[in-house]
Structures are given as structure tokens and as C-alpha cells.
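All remarks here apply to the structure that follows.
In my numbering, the protein residues as written are 3 to 117.
Put into C-alpha cells, the structure is as follows:
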């Protein structure tokens, strides 16, 4: 949680072994995490694959190393949720955008919602 008690998020950029991003959302004392090979979508017409990976400890919010950097961070809030979909807004360093994670079986699609 940030100083105002809001749930935090971090977007890690991994440079090895293959370039990808990890989206991590703080929830229930852990970071729910998805690997997003091509990064967050920047157009509602183009969804991105998101692969659920094991939860991470909260100390990963600020973790970096030689192959991992923080692409964005801030706080997030849930807009809507059901068994197959999580709609949420990320309030990052430079912008706020609303996304939907949509379960497609074993994987997820990450969709940028229209404003």
C-alpha cells in the first residue's frame, strides 16, 4: 500500500533471457503477477498476451537488478471483477489508464479500455 493506503503496482521490464514485461498488482499482501511479452497495450484495438506467473512478495515493488528495471509504478484500483475478467485502472508516473485482464483458458488477454 502507498502512503494513502492505496494498492500499488509495478511494471518491471526484463532484458534477459528474452525481453518482456511483468505486471504486478498488490492484492491480499502479495503481488499478483503476469508476464506480458510485448508490454502493455497502447491501443484498444490491439490486445496483448498476459501469462499468469506465481505471486511475488511485496519487496518486489522496488526490486531491480542488472537485467530488470522498473518501467512504471504507482497505484491501482479495481473497476469491475468476475471469474473471467478483472477491470482496473493503473495510476502510473505519467498517466492513468484502464485495462481489462480477460481469462482465455490457461492464459489471459490484456486489453486497454477506451476512454
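Where is the CB? At the ideal position from N, CA and C, for every residue including glycine.
- Cβ atoms of residue 59 and residue 36 stay farther apart than 8 Å, at about 16 Å.
- DSSP places residue 100 in the strand class (E or B) of the three-state scheme.
- Its chain contains 15 as the residues whose beta carbon lies nearer than 6 Å to that of residue 71, once the 5 sequence neighbours on both sides are disregarded; these appear in chain order.
- Cα atoms of residue 30 and residue 4: separation of roughly 14 Å, rounded to the nearest angstrom.
- The C-beta separation of residue 101 from residue 92 comes to about 7 Å, placing the pair in contact by the 8 Å criterion.
- Annotation: the continuous beta strand (DSSP E) that includes residue 79 extends over 70 to 84.
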